[in-house]
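With the numbering used here applied, the sequence shown corresponds to residues 207 to 957, in that order.
Below is one structure, written out as C-alpha cells; the observations come after it.
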Amino acid sequence: MTVDPLHAAGSHAHGGKMWYFCSRHCLEKFQSDPARYTGENLPAVEIHAAPAASPAEYTCPMHPEIVQNGPGTCPICGMALEPRVVGAEDQESPELADMRRRFWISVALTAPILFTTMGEMAGARLFGGRLVIWIQFLLATPVVVWGGWPFFERAWASIAHRSPNMFTLIALGTGTAYLYSLIAALFPSIFPDSFRVHGGELAVYFEPAAVITTLVLLGQVLELRARSQTSSALRSLLNLAPKTARVVREGAEEDVPLDHIHPGDHLRVRPGERVPVDGTVVEGAGTVDESMLTGEPIPVEKVRGGKVTGGTVNISGSFIMMAERVGSETLLAQIVRMVSAAQRSRAPIQRVADAVAAYFVPIVVVIAVITFIVWAVFGPEPRLAYALVNAVAVLIIACPCALGLATPTSVMVATGRGATAGILIRNAEALEVLEKVDTLVVDKTGTLTEGRPRVISIIGDDSNEVLRLAAAIERASEHPLAAAVIQSAEEKGLQIPRAENVRALPGKGVMGTVESRPVLVGSAGLLIDNQVDPGAFMGRAEALRGEGQIVIFVAIAGRAAGLLAIADPIKPTASEAIQWLHREKIRVVMLTGDNATTAGNVARQLGLDEVRAEVMPAEKAEVIKSLQSQGRVVAMAGDGINDAPALAQAQVGIAMGTGTDIAMESAGITLVRGDLRGIARALRLSRAAMRNIRQNLFFAFVYNTIGVPVAAGVLYPFFGLLLSPMLASAAMTFSSVSVIGNALRLRKVEL
C-alpha cells in the first residue's frame, strides 16, 4: 500500500531509507523481520512509501492504496491488479489470458458432465449409477481443483488477511459441494437417508461444482475484458502522440524518434501529421484540429506566433514550429498523468459501498448456515440434500464485487470521457461535488473575457492613418496597451513606420515624431498640455468609457485626429455558457479586481446574477466563504495566480487551461481550452457519472437483497421454487458484468 508520510501511523529507518506504515501492527511486523518485506516484490499487505508510478507497478481498481511490483491479486477483494500506468498499446493482461485458458478447458470437461446429467433427466441412463458418479468425479476434479485453483488461493488469502470477499464465498460454495460429493463417492454408506434422493441413491454434486466453477471463470473473463475497456480513453490519448518528429537542422530535414526532441528544436509539421510536442509556430501556417484535447470540432488557424499542442492534427498547410515542452512536460503527458491519478481516486459516495462490504461476507456466511439448519430441520425429504444445495446457492449468488465496482468503474470511464472533451478531473471527489454546485463564481479577465486587450473601435476621419501612426509611437512604448495597438495595425496589414524622439510621459501617454510629423498618443490631458484641443472627440470618449472601454486620444501634426477604444473582449462562447447555466438554475457571480464601470458593462452584456468589482486577490477567498456560509455549494472558475486561493477555498475549483500552472494546481477540474462552455460540459459529465454510479449501487443492493433470500428458498413454501446453485452462479456473474457494462455507457455520453 502507499501511505502519505505526513499521515503515517509510524515509520522505521532501514537500509538507508525510511519506511512508512498505516498501522502500528504492520510497523511491529516490519521491525521484527525487515528482510522479509524489503525484497524485490513487496507483499501488497505491507506498507511502503512507494516512489512515482512506473509501468511495473500494479494496483487494485477497487482499493487504490494497494500497490505492488508486478501483476497479482488484491489481498482485500481478491481482484486482479491492474498497471498503474496504462500503456499506449492495448496489451492483453496475463490474468485475462490465464482465465480464458482455464475457462475453455473447463468447458471441454464440464460439457460431458452436463450431457450425462441431461440424459439421466430424460430417462436415458447411459451408464450404471456408480459408473456415472466416477465419470463425473474424473471430469469435475480438474475443473474444480485446477480451473478453480485461483479462487481457492484468493479465498485463503482473504482469510489470512482477515478480508473475506467474493472468492471466499465461491470457494466455500464449490469446495463444500465438491468435498461432500467426493466423500459420498468414496464412502456412501456413512450418509443417512436424509441425504438420499428417491430410490435410495446418494445425491452427489460434482456437476454443480464443475458448472459453477466454469461460470465463475466465464465471469472473470467477461469482467477482465470489460475492465480493460475502462482505460480505452486513456489509451486513445496516449496514441495521440506520434512516434517520430521531422527535425529541421541547417536546412536539412530528418525524422527522429520523439524522445530525441529537445526544447528549441525546429520541427516540420506537414498536412495530415500530428503535432509532435508543444511549441510555437515560427514559419508557415496551418489549420489544426484540436478536438481530441478540447472537444471543439472546429479547426483552429495557426500562424506565426501561434501556440500548438502535441497530439493535435494539422489538417492543411505546412509549418515549422519550435519545440518548447517535450516528453513528460507536454500538455498531453500532463493530461494523461492527471486522468490516471483521478481514475485511481475514490469518490465520497464509495464509503457507502465500503461500509456494506465490510460486513457483507460474514452476513452471507451466517445466512448460509441458517439456511442449512432450517432446511435440515423443516425441509422436505431428502432434507439434508436440500439444505446443502440451498446453502451453496446462497454462498454463490452473493456478489460483493458488484458493490465494490459500482463507483470505481464509473469514475474511470467518466474521467477518461472528460479528458477526450477537454475536461481534466483531478480526483473523484471533484466529480461528485460538482453535481451539487448551485453557485458559480467566475473571474472576469481570462475567464469571461479573452484576457488580452484589443482595439475595439477606431474613431477618426482616416482610421487607418490614425492606427498606423499610433502603432509607430507605441512600438517604442512599454505600456501594457501598446501591444494591442500594434497587433491591430498588423492584423490590418498596415506598414508601421519608424518613430523618432519617442518619449513616455507616465500617466499621460507617449509622444514622438513619425514621418516628420509630431504624434501624441495618450490621454486628453496629454493633448491639452501640448496645445491640442481634444474637444471634438470628448463626447464620444465619454460614451465609450461608459461602455467599459479604455480610450486613447491620437493627435497628428498639432490636431486631434481620432480615438482608439481598447477593451478586453468578451469570449464569443461566454454568453451561450451563461445561458445554459441559468437554465440549470445555477447562480453566476463575477469577481474582479477591475473597476465597477468595466465590470458592470460585462455583467450587463452577459446577464450575470451578481457582480463584485474592485476585489483584491486576498478578498476573493473571503467572498467564497461568505457564499458558503449561506449554504451554497460554490464552484470557482479562474485562470490567474490571484485566483489560486479562491480556487482552493471553493468546493470545486475550475481552472482555465489557458491560465497559470498555479491556478491549475489549486483546482479540482481544469478546462484545457479555457472555454466557459467547458463548465457546462463538466456539469453534464458530473451529473451523468453520479447518475450512473447510483444506478450501479442500486442494482448491486437490489440484486443481493433479492438474490440471497431467493437462493435461501423463501419462495419454496409459496410457489415451490428453488434456485439451482448453477443459476445462482450465472446470476452472480451477470451482476458484476452488468455493473461494468453500465459504467461503459458513459463513454457515449453527450457533452
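Each residue gets a CB set at the ideal place from its N, CA and C atoms; glycine is no exception.
If you're wondering where the values come from, they're calculated on a predicted model, not measured in any experiment.
*Cα-Cα separation between S524 and D774, rounded to whole angstroms*: Going from the Cα of S524 to the Cα of D774 covers about 31 Å.
*Chain-order list of residues whose beta-carbon lies under 8 Å from that of R765 (same chain, five-residue window excluded)*: Around R765: V738.
*Pair every Cβ in the segment 767 to 783 with every Cβ in the segment 742 to 755, then say whether three or more of these pairs are closer than 8 Å.*
Yes, they touch.
_Distance check for L537 and E706, CA to CA, integer angstroms please._
Each residue's alpha carbon lies about 43 Å from the other.
*Check whether the Cβ atoms of R464 and T450 lie closer than 8 Å to each other.*
Residue identity check: residue 464 is Leu in the sequence provided, not Arg. T450 is positioned such that its CB atom lies closer than 8 Å to that of L464.
*Classify V955 as helix, strand or coil using the three-state DSSP reduction.*
It is coil, neither helix nor strand.
*Alpha carbon to alpha carbon, how far is M938 from G354? Give it in angstroms, no decimals.*
Each residue's Cα considered, the two are about 16 Å apart.
*To which residues of the same chain is L921 closer than 7 Å at the C-beta, ignoring the five residues directly before and after it?*
Contacts found: L927.
_Within 10 Å of its beta-carbon, does D471 have 16 or more other beta-carbons around it, so buried, or fewer, so exposed?_
Buried: at least 16 other Cβ atoms inside 10 Å.
_Using 8 Å as the cut-off, can you tell me whether the segment 826 to 842 makes contact with the segment 851 to 860, which would need three or more C-beta pairs spanning the two stretches below that distance?_
Result yes; three or more Cβ-Cβ pairs closer than 8 Å.
_Residues that E459 bridges to, as DSSP identifies them_ = DSSP output for E459 lists V454 as bridge partner(s).
*Which parts of the segment 584 to 659 are runs of the beta strand (DSSP E), unbroken and 3 residues or longer, counting only runs that do not cross its ends?*
DSSP runs (the beta strand (DSSP E)) wholly in the segment 584 to 659: 629 to 631, 645 to 649.
*When you compare only the Cα positions, how much space is there between P614 and A627?*
Answer to the nearest angstrom: the Cα atoms are 20 Å apart.
_Pop quiz: L732 and A780 are said to be a contact at Cβ under 8 Å. What is the actual Cβ separation, rounded to whole angstroms?_
Incorrect: roughly 34 Å between the Cβ atoms, too far for contact.
*With a threshold of 16 other CB atoms inside 10 Å of the CB of S260, please say whether the residue is buried or exposed.*
Note that S260 scores a pLDDT of 43, beneath 50, so its modelled location is shaky; the value from the coordinates is reported in the next line. It counts as exposed.
*Which residue from W225, P923, A219 puts its Cα closest to that of W581?*
For W581, the nearest C-alpha among the options comes from P923.
*For R681, which of helix, strand or coil comes out of DSSP?*
Three-state result, R681: coil.
*Test item: CB-CB of I762 and R723 under 8 Å*: A Cβ-Cβ contact shorter than 8 Å links I762 with R723.
*Can you name, in chain order, every residue of its own chain whose Cβ lies under 8 Å from the Cβ of Y909, other than the five neighbours on each side?*
Closer than 8 Å at Cβ, skipping near neighbours: C605, A608, A937, S941.
_If you reduce the DSSP assignment to three classes, tell me which class Q426 lands in._
Q426: helix per DSSP, three-state reduction.
*Would you list, in sequence order, the uninterrupted alpha helix (DSSP H) runs of no fewer than 4 residues that lie entirely inside the segment 335 to 400?*
Note on the segment 335 to 400: whole alpha helix (DSSP H) runs with a minimum of 4 residues are 335 to 347, 355 to 366, 372 to 392, in chain order.
_Tell me the rounded alpha-carbon separation between A841 and R897._
Each residue's alpha carbon lies about 20 Å from the other.
_Distance check for P703 and M822, CA to CA, integer angstroms please._
Taking the straight line from one Cα to the other gives about 40 Å.
*Which one of R887, V349, G278, M372 has the shortest CA to CA distance from L611?*
Out of R887, V349, G278, M372, M372 has the C-alpha closest to the C-alpha of L611.
*Where K777 sits in the DSSP three-state scheme*: Note: K777 maps to coil in three-state DSSP.
*asked:* Across the segment 526 to 535 and the segment 487 to 496, are there enough close Cβ pairs to call them in contact, namely three or more that are closer than 8 Å?
replied: Counting Cβ pairs under 8 Å, three or more are found: they touch.
*Under the rule that 16 or more other beta-carbon atoms within 10 Å means buried, what is E680, buried or exposed?*
By the 10 Å Cβ count, E680 comes out buried.
*For L929 and V916, the rounded distance between their alpha carbons*: Whole-angstrom Cα-Cα distance: 7 Å.
*Is there at least one non-hydrogen atom of the ligand NAP closer than 7 Å to the beta-carbon of W352?*
No copy of the ligand NAP occurs in the structure displayed, which carries no ligand at all.
*Check whether the Cβ atoms of S364 and T374 sit closer than 8 Å, and answer yes or no.*
Yes, Cβ-Cβ distance for S364 and T374 is below 8 Å.
*Just the C-alpha distance for G947 and A432, rounded to the nearest angstrom, thanks.*
Spanning the alpha carbons of G947 and A432 requires a straight line of approximately 7 Å.
_By the three-class DSSP mapping on this structure, what secondary structure does M224 have?_
Here M224 sits in strand by DSSP.
_I'd like to check one pair, T911 with T798: are the Cβ atoms closer than 8 Å?_
No.
*Going straight from the alpha carbon of V914 to that of S369, what length do you get?*
Approximately 21 Å between the Cα atoms of the pair.
*How about S312 and T419: are their beta carbons less than 8 Å apart?*
Yes, the Cβ-Cβ distance between S312 and T419 is below 8 Å.
*At which residues does the beta strand (DSSP E) containing H472 begin and terminate?*
Looking at the DSSP string, the run of the beta strand (DSSP E) that includes H472 is 472 to 475.
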